[in-house]
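Remarks on the structure that follows.
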Amino acid sequence: MLDAQHGAAPVASVRDLKVYFQTKRGIVHAVDGVSFDIRDGETLGLVGETGCGKSVTGRSFLRLLPVPPGIQAGGSVMFNGHAVCAACAGVGCGACGSTGRQAGRDSSVDLLGISSEDMRRIRGDRIAMIFQDPGKALNPTLPIGAQIAEVFFQHRTEELIALAGLPADTAGAIRRFASQSPRFGDGWLLALPGARAQRRQVEAALAKMVASALAETQVPNPVKLMARYPHELSGGMRQRVMIAQALACNPDLLIADEPTTALDVTVEARILELIRDLQQRRKTSVLYISHDLSLVRRISDRVAVMYAGRIVEIGATAEIFANPRHPYTRGLMAAAPSADTPRGKLAAIRGTVPELVDPPSACRFLGRCPHEAGACRSNDPALQVVAPGHSVACFIDHPAPSGERPTYDRVTA
Amino acid sequence: MRAAAEPQADDLILSIREVKKHYPIREGALQRVVGHVRAVDGVSFDIRRGQTVGLVGESGCGKTTLGRVIAALADPTDGGVHYSMDGAMCRIDRLEGKAARTFRRNCQMVFQDSYASLNPRHLVIDLVGRPLKVYNEAASSDLVERVVELLDQVGLGRQHLYRYPHQFSGGQRQRISIARALALNPEVIVLDEPTSALDVSVQAQILNLLNDLQKERNLAYLFVTHDLSVVRHMADRLVVMYLGKVAEAGETQAIFDSPHHPYTRELMAAKPDMEAEANVEIRGLEGTVPDPARPPQGCRFHTRCELATSACGWEVDDVVRWLEDAPGMFEHLVGVERTTEFAAELAFDTEEAAGLLSMAVRSEQVPEAMRAAMRRLNLDGTKVEIEFEDVGEVELTARDDGRMAACVLAPQEVASWKSP
């Protein structure tokens, strides 16, 4: 409904997603009725302050939230993954833009409803995630190569066996080795001379796949990097490893949760460039979660602004930045210091994000909004289209059920 | 000599002179000192009353360490911080007794992480009232009133007195830290990334608060941060640090108008303003900050600088670093015998590898400036002799309008350079 005027089929559609958390003070409505689409091949930026539910939304795609205390209170996340290209069987041809995949015929699944086994098949293969802190997301006890190899073990067993030069019907201990599902006794079986040679072939094939995945992220000397441990690498390098790991299986959707927040500005620019470059080359769709408006402006095609568990404004990046409608979006933009703001005159948004225990039926920005009127106190604004591809949840742009609406002087850029 | 250079006190509060802070690296069972991490390696600048000095740089450039030295939380290895007391400049690490107490109450610090810097077991009244108690400024009911007054100034109230830090949001906790720093009415506050953990809307509140307090009390700030947009908004003067040294210093606006050091330029290019055109090119820096235990010769930035010339201090380490990243070369390197930092004999295990290296360093594979700086290159069996031009440290030099920059290039060359 939101994006009916655009033709491209969405790779994922979130509908009325509700995620609550049980706490001592009551049930916190962290995400409370969020709906948006991620179109095929686009980068959608999700911005908002700490505690507005953007990370919870991102994690819902992969079901990475702990339940309990999390409560899946409703809604759906439909994922329409790409199918293997029929023309080339995944090798890459003209028809699929040498990605080996084609926008699927309707094969959407509700990520919140499928079984854990199905979720495991999607997680890391069709949908991948880059986390904020690569120092915590990488396993400190495993070398880089082994960590990336796990993705291939989980999702690319067939390719691994083929690349190792073994017949496709290889079974037994070797197949179990190549899919990382060992059974009791496999250690001895793999030590037998014949199996040992095959195992070496698989390991060599694996090393090749890992090295090429790392090389994609422009790290110098990937083969050497594979033997290193995360603590030996700089923050930027670790983030590159995470990106290599996430993109190893050529996912249809990449969820990047503040991937550059822990990095220096100079490194941040490089990583941003890298994500953008890889996204364009592979036509991956990206959900880019960040609190930094200037970053999101640079990387995304469309922007969704989240506040207190809701999306308050969504639209094309250029449109949102040229013509922000929601007072919260306008506040966020004004709060960033710029060259000509007089000192001490930054437009701060008063107050803080409310705690979302039993939120009242009123606009959530109430109390922080400079334009609030009577209608905002008794009605909860819903997202409404105000211009082609631009929706806002604010009574300023569409009247409340009572017909009343607050006003502000619109700035035209 | 240093005594002669000591600045005169007028509105000067702190004068940082050639401050160095080296941390020993210890190794082995006997914990022998095998080297030093040069966190801060000779930095000088002044802080005046009512002025904000911004200290910027990447992580690991020594800006936090320098902040701690200035707040007397760490003693400098060499050089000193001079504090203006009763019209004379005194070195703070030599102050004793009453004078030391006077300095400590006049120089306060606000830390980056308000979770770590506020004791979770103490109530707000204890946290903010502690400095008043220690300096016998107030007691009992008077103390409560003073704390309320301070909380009031930072936008908190009486209702917050008997709460613990965990009951506050990040922005409120940072306000408590600021109230604590203000308690003794200091002259200087060292702000170590006070807003980097905060959201942009809360950051705006804190920055406005800091500005109001500065105007009210004629405070001097040392604002340590990596965020250029914040520093541009806050600072009168800017000190850009790279690897323990000052790369550039001067008036904030002048530096933003035309950076004289390529590093400043790169920092600014990495994070354009919200006002800038949406499609303006963003640039990052190649590689990482070098190891401060073995800082590069010449200009410390030459290993990452796109404008580097042959006079920037190319050295043997640059060749070794290049070898590390070159596939299949480093494994063959068996020894590096240095005669100086600029000349060495690299030994390989095969003649082929040695030949490959001597070919590579003559080719496009290494930066042109590095080739130009090479004075000698001899291939002798499995050994390669390399010698670079011996270049001294690139010093911070005065430029026009009171600016300083440590770069061999003229400002016009830095300004007109375009990325290829």
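Residue numbers (this note's numbering), protein chains in the order written: chain A, 1 to 413; chain B, 1001 to 1420. Every residue gets a Cβ at the ideal spot worked out from N, C-alpha and C, and that includes glycine. It should be emphasised that the depicted structure is a prediction, and the values quoted were computed from it without experimental measurement.
Helix, strand or coil at residue i [DSSP, three-state]
| i | result |
| --- | --- |
| Gly1423/B | Examination of residue 1423/B is not possible in this model, given that chain B is present from 1001 through 1420 alone. |
| Glu1364/B | coil |
| Asn1136/B | coil |
| Gly1129/B | helix |
| Leu44/A | strand |
| Met1370/B | helix |
| Pro269/A | At residue 269/A the sequence reads Ala, which differs from the Pro that was named. It is helical. |
| Lys1245/B | strand |
| Ser1084/B | strand |
| Ile1282/B | coil |
| Cys483/A | No answer is possible for residue 483/A: the residues shown for chain A start at 1 and end at 413. |
| Phe131/A | coil |
| Glu1337/B | strand |
| Ile314/A | strand |
Chain A within 8 Å of residue i, Cβ atoms only
| i | result |
| --- | --- |
| Val1124/B | no |
| Ile1092/B | no |
| Asp1349/B | no |
| Ala1344/B | no |
| Ser1358/B | no |
| Arg1321/B | no |
| Leu1267/B | yes |
| Val1414/B | no |
| Lys1098/B | no |
| Ala1204/B | yes |
| Arg1048/B | no |
| Asn1211/B | yes |
| Met1234/B | yes |
| Arg1017/B | no |
| His1226/B | yes |
Neighbour flag for residue i against chain B, beta carbons, 8 Å
| i | result |
| --- | --- |
| Glu42/A | no |
| Pro370/A | no |
| Ala339/A | yes |
| Val223/A | yes |
| His291/A | yes |
| Arg234/A | Per the sequence shown, residue 234/A should be read as Ser rather than Arg. Cβ-Cβ to chain B under 8 Å: yes for Ser234/A. |
| Glu216/A | no |
| Gly344/A | yes |
| Ala335/A | yes |
| Leu2/A | Bear in mind that the predicted position of Leu2/A carries a pLDDT of just 43, short of 50, making it too unreliable to give a figure here. |
Residues that residue i bridges to, as DSSP identifies them
| i | result |
| --- | --- |
| Cys1107/B | Val1188/B |
| Asp1046/B | Ser1015/B |
| Asn1378/B | Glu1385/B |
| Gln22/A | Ile27/A |
| Pro10/A | Arg39/A |
| Tyr1023/B | Val1037/B |
| Met78/A | Ser13/A, Asp110/A |
| Gln72/A | Val19/A |
| Arg302/A | Leu44/A, Ala316/A |
| Thr1309/B | Thr1309/B is not bridged to any residue. |
| Glu1251/B | Arg1237/B |
Residues in the stretch 174-185 of chain A having any Cβ partner in chain B nearer than 8 Å | Within the stretch 174-185 of chain A, no residue has a Cβ that lies closer than 8 Å to any Cβ of chain B.
Can you list, in chain order, the residues of the stretch 265-282 of chain A whose Cβ is nearer than 8 Å to any Cβ on chain B?
-> Val265, Thr266, Val267, Glu268, Ala269, Arg270, Ile271, Leu272, Glu273: these are the residues of the stretch 265-282 of chain A whose beta carbon lies less than 8 Å from some beta carbon of chain B, given in chain order.
Closer than 7 Å, Cβ to any Cβ of chain B: which residues of the stretch 346-372 of chain A, in chain order?
-> Across the stretch 346-372 of chain A, CB contacts with chain B closer than 7 Å involve Leu346, Ala347, Ala348, Ile349, Thr352, in sequence order along the chain.
Please determine if the stretch 357-377 of chain A and the stretch 1237-1255 of chain B are in contact, where contact requires at least 3 C-beta pairs separated by less than 8 Å.
-> Judged by Cβ distances under 8 Å, the stretch 357-377 of chain A makes no contact with the stretch 1237-1255 of chain B, as fewer than three pairs qualify.
Using Cβ-Cβ distances below 9 Å, what residues of the stretch 1187-1202 of chain B are close to chain A?
-> Within the stretch 1187-1202 of chain B, those residues whose Cβ lies closer than 9 Å to any Cβ of chain A are, in chain order, Leu1198, Asp1199, Val1200, Ser1201, Val1202.
In the stretch 1286-1298 of chain B, which residues sit with their C-beta less than 7 Å from some C-beta in chain A, listed in chain order?
-> Answer in chain order: Thr1288.
Does the stretch 310-329 of chain A come close enough to the stretch 1202-1215 of chain B that 3 or more CB-CB pairs lie under 8 Å?
-> As far as the Cβ criterion goes, the stretch 1202-1215 of chain B does not touch the stretch 310-329 of chain A, which means the pair count is below three.
Taking one C-beta from the stretch 1209-1220 of chain B and one from the stretch 1132-1144 of chain B each time, how about it: are there three or more such pairs within less than 8 Å?
-> Here the stretch 1209-1220 of chain B does not lie against the stretch 1132-1144 of chain B, with fewer than 3 beta-carbon pairs under 8 Å apart.
Counting Cβ pairs, one atom from each stretch, are 3 or more of them under 8 Å apart for the stretch 40-47 of chain A and the stretch 283-296 of chain A?
-> Counting C-beta pairs closer than 8 Å gives three or more between the stretch 40-47 of chain A and the stretch 283-296 of chain A, which meets the contact rule.
At least 3 beta-carbon pairs within less than 8 Å: the stretch 128-135 of chain A vs the stretch 238-251 of chain A = With three or more CB-CB distances shorter than 8 Å, the stretch 128-135 of chain A counts as touching the stretch 238-251 of chain A.
Report yes or no: do the stretch 1167-1181 of chain B and the stretch 1151-1159 of chain B share at least 3 C-beta pairs separated by less than 8 Å?
-> The answer is yes - the stretch 1151-1159 of chain B touches the stretch 1167-1181 of chain B, with three or more Cβ pairs under 8 Å.
With contact counted as at least three CB pairs below 8 Å, one residue from each stretch, are the stretch 335-350 of chain A and the stretch 66-81 of chain A in contact?
-> Taking 8 Å as the limit for Cβ pairs, the verdict is that the stretch 66-81 of chain A does not touch the stretch 335-350 of chain A.
Looking at chain A, which residues of the stretch 1305-1333 of chain B have a Cβ within less than 7 Å of any of its Cβ atoms?
-> So the close ones are Asp1325, Pro1327.
Any residues in the stretch 1391-1415 of chain B with a beta carbon nearer than 9 Å to a beta carbon of chain A? Which ones, in chain order?
-> Result list empty, no residue passes.
Within the chosen definition, does the stretch 1286-1305 of chain B reach the stretch 1393-1413 of chain B through at least 3 CB pairs nearer than 8 Å?
-> When Cβ pairs closer than 8 Å are counted between the two stretches, the stretch 1286-1305 of chain B is seen to touch the stretch 1393-1413 of chain B, the count reaching three or more.
Using a Cβ cut-off of 7 Å, which residues of the stretch 46-67 of chain A contact any Cβ in chain B, in chain order?
-> Those would be Glu49, Thr50, in chain order.
Any chance the stretch 1104-1119 of chain B sits against the stretch 1228-1237 of chain B, with 3 or more Cβ pairs inside 8 Å?
-> In the pairwise beta carbon analysis, the stretch 1104-1119 of chain B is classified as not touching the stretch 1228-1237 of chain B: fewer than three pairs are separated by under 8 Å.
Could you tell me whether the stretch 1347-1361 of chain B touches the stretch 1316-1334 of chain B, using the rule of 3 or more Cβ pairs below 8 Å?
-> Judged by pairs of C-beta atoms under 8 Å, the stretch 1347-1361 of chain B touches the stretch 1316-1334 of chain B, as three or more such pairs exist.
Below 8 Å between beta carbons is the criterion; list the residues of the stretch 295-315 of chain A that meet it against any residue of chain B, in chain order.
-> Contacts with chain B (Cβ-Cβ distance below 8 Å) from the stretch 295-315 of chain A involve Arg297, Arg298, listed in chain order.
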